[in-house]
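Undergrad: Numbering of the sequence shown is given in full-length UniProt numbering, commencing with residue 1 and proceeding in unit increments.
Here a beta-carbon is modelled for each residue, glycine too, at the ideal position from N, C-alpha and C.
What follows is a single structure, and I will ask about it in a moment.
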Amino acid sequence: MTTLTNATGGERKWWGVMPVLPAPVMGGMAKQMEQVGFEGVFSLQIYGAPFVPMAAVAAMTDTLKVSTGIAVAGTRSPVETAYCAIECDTISQGRFVLGLGTSLHSALEGIYGEPHRKLLTHLREVVKIVRYVNANSHKDMEPLHGEYYDLEWTEKMMTAPPVRENIPIWIAALKDKLTSMSLEIADGLMVHALWTVDYTVQKNDFIHSELARFGRKRTDVEINAWPWVAINDDKQQAIDDSRATVAGYAGYKEYEDFFDSIGFGDLARDCQLAAGEHGDVSGVIEKVSDEMVQAFVKCGPVDEVLEELEPFWGVVDSLCPMTPYRNLTMEQLTKYNEGLFAMVAEAKRREK
1 MTTLTNATGG ERKWWGVMPV LPAPVMGGMA KQMEQVGFEG VFSLQIYGAP FVPMAAVAAM
61 TDTLKVSTGI AVAGTRSPVE TAYCAIECDT ISQGRFVLGL GTSLHSALEG IYGEPHRKLL
121 THLREVVKIV RYVNANSHKD MEPLHGEYYD LEWTEKMMTA PPVRENIPIW IAALKDKLTS
181 MSLEIADGLM VHALWTVDYT VQKNDFIHSE LARFGRKRTD VEINAWPWVA INDDKQQAID
241 DSRATVAGYA GYKEYEDFFD SIGFGDLARD CQLAAGEHGD VSGVIEKVSD EMVQAFVKCG
301 PVDEVLEELE PFWGVVDSLC PMTPYRNLTM EQLTKYNEGL FAMVAEAKRR EK
């Protein structure tokens, strides 16, 4: 019997996304994920910081890793980010992974009221500060001066030693520059949900060449992909239910060049909405073709979806499948989440 492995010859690891729900519901979901065999769980930053739900999950589980997927680097001080990570790692007893990303200028400036920054330069500085605080918060600390932050540690009290002085940092990336920077400085690369399976396979050579350029081995960086899946025996219904989610992402002007690069630029431009209207995609749903939906969302029964996800494993170490979410009822969301759990359970059964 052939053992199914990931891109580095190791065990295939499955992650999930945890919505913010009443604690008993989150606890039940998290315990079910442990039983199924999930490696870990992410909390998204839609608007609020994602550390609180992960602390709650950590307190109700024993083995499940917890991570921010992602914490937006530009919405809080990197010192606060570092201490949030240290505290989550304390609560989870060493099961925390800090997932960071840049978000978009339109969100950082238009929603959070943050100043305009060079996003990659800022993220690099944030990672440096977080790592420094993680390793030295319980020691004497030297001033840090960068392009965006001058930290003198005035009146800072020495804190207790962290559980780990090197909490893993994963960075989420869509385009080449941030992907490259992630491969240079991070412990993990979370590839964007817009990375289709074909696009991910195409980027494998780029990943290896960039790692070589930075003097790193493939095993130095965990690569984690976030494919959308819609498990439904009625494949056309799954496609229809996924259309709004794809339309929402296609509507962002800042993603236009990426959609051009994968052959959906014209359809993406058709989906672009006026600034401030991204919350309602009902007016552009019909512009998203079945072909475009199926490029980004793997739709259909469990066996078919697992087969379509298979090429990912030649590139990545772990997968975090997500369900479509826009314009769906709670009943539909629950059904697709149950299908996702069933898919992971079947995948784990096959891997034994």
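(1) Taking Cβ to Cβ, would you say TRP195 is nearer than 9 Å to VAL97?
(2) Can LYS156 be considered in contact with the ligand GDP, in the sense that its beta carbon sits closer than 8 Å to one or more heavy atoms?
(3) For ALA172, write down the residues that DSSP places opposite it in a beta bridge.
(4) Which class does SER242 belong to by DSSP, given the choice of helix, strand or coil?
(5) So, GLY40 versus GLY16, is the Cβ gap smaller than 9 Å?
(6) Based on Cα-Cα distance, which residue from VAL72, LYS203, PRO311 and MET54 lies nearest to SER103?
(7) Between the C-alpha atoms of LEU183 and PHE312, what's the straight-line distance to the nearest angstrom?
(8) Below 6 Å CB to CB, which residues in the same chain sit around GLU338 once its five sequence neighbours on both sides are set aside?
(9) Once you ignore the five residues that flank ALA295 on each side, which residues in its own chain have a CB closer than 6 Å to its CB?
(10) Whole angstroms is fine: what's the gap from PHE259's alpha carbon to GLU155's?
(11) Keeping to the same chain, check which residues put their C-beta closer than 7 Å to that of LEU44; ignore five residues upstream and five downstream.
(12) Is it buried or exposed, ARG350, if we count other Cβ atoms within 10 angstroms and call 16 or more buried?
(13) Look up GLY74 in the DSSP assignment and say whether it is helix, strand or coil.
(14) Does the distance from the CB of residue 360 to the CB of ASP220 come in under 9 Å?
(15) May I ask you to report which of helix, strand or coil DSSP gives MET54?
(16) Among THR245, HIS138, LYS298 and TYR249, which one has its Cα closest to the Cα of TYR325?
(17) Using a 10 Å radius around the Cβ and a threshold of 16 neighbouring Cβ atoms, would you call PHE264 buried or exposed?
(18) Given that a residue counts as buried once 16 or more other Cβ atoms are within 10 Å of its Cβ, and exposed if not, what is ALA30?
(19) Where does ASN224 sit, in a helix, a strand or coil, going by DSSP?
(20) May I ask you to list the residues that DSSP assigns as paired with THR3?
(21) My parser needs the alpha helix (DSSP H) runs of 4 or more residues fully inside the stretch 87-150; what are they?
(22) Give the straight-line distance between the Cα atoms of ALA160 and GLY283, rounded to the nearest whole angstrom.
(23) By a C-beta neighbour count over all protein chains shown, 10 Å radius and 16 as the cutoff for buried, is PHE214 buried or exposed?
(24) Count the other CB atoms, across all protein chains shown, that sit within 10 Å of the CB of GLU331; report buried if there are 16 or more and exposed otherwise.
(25) Classify VAL288 as buried or exposed, calling it buried when 16 or more other Cβ atoms lie within 10 Å of its own Cβ.
(26) Return the bridge partner residues of THR68 from the DSSP annotation.
(27) Would DSSP call MET322 helix, strand or coil?
(28) Taking three-plus beta-carbon pairs below 8 Å as touching, is the stretch 78-85 in contact with the stretch 131-141?
(29) Got a sec? Which residues, its chain only, sit under 6 Å from LYS13 by beta carbon, not counting five neighbours each side?
(30) What residue ranges within the stretch 283-338 form continuous beta strand (DSSP E) runs of no fewer than 3 residues, ordered along the chain?
(31) Below 9 Å between beta carbons: does that hold for VAL191 and ALA238?
(32) How many angstroms separate the CA atom of ASP270 from the CA atom of ILE111?
(33) Rounded to whole angstroms, what is the Cα-Cα separation between THR63 and MET26?
(34) Could you tell me the boundaries of the beta strand (DSSP E) in which LYS13 lies?
(35) So what's VAL229 in DSSP terms, helix, strand or just coil?
(36) Can you name the start and end residues of the alpha helix (DSSP H) that ARG213 belongs to?
TA: Quick answer:
(1) At the C-beta level, TRP195 and VAL97 stay beyond 9 Å of one another.
(2) The ligand GDP is not part of the structure shown, which contains no ligands of any sort.
(3) MET190
(4) helix
(5) In contact: GLY40 and GLY16 (Cβ atoms closer than 9 Å).
(6) VAL72
(7) 18 Å
(8) none
(9) THR196
(10) 49 Å
(11) VAL17, PRO50 and GLY69
(12) By the neighbour-count rule (16 or more Cβ atoms within 10 Å), ARG350 is not buried but exposed.
(13) helix
(14) Because the chain here runs from 1 to 352, residue 360 falls outside it and cannot be looked at.
(15) Note: MET54 maps to helix in three-state DSSP.
(16) THR245
(17) With a 10 Å radius around the Cβ and a threshold of 16 neighbouring Cβ atoms, PHE264 comes out buried.
(18) buried
(19) strand
(20) Its beta-bridge partners do not exist; DSSP assigns none.
(21) 105-110 and 119-136
(22) Our two residues, ALA160 and GLY283, have alpha carbons roughly 53 Å apart in a direct line.
(23) Classification of PHE214: exposed, given that the 10 Å Cβ count is below 16.
(24) exposed
(25) By the 16-neighbour rule on beta-carbons within 10 angstroms, VAL288 is buried.
(26) SER43
(27) strand
(28) yes
(29) For LYS13, where only same-chain residues beyond five positions count, the Cβ hits under 6 Å are GLU39 and SER318.
(30) 297-300
(31) Result no, Cβ atoms of VAL191 and ALA238 do not sit closer than 9 Å.
(32) 24 Å
(33) 15 Å
(34) 13-17 is the extent of the beta strand (DSSP E) around LYS13.
(35) Correct three-state label for VAL229: strand.
(36) 204-213
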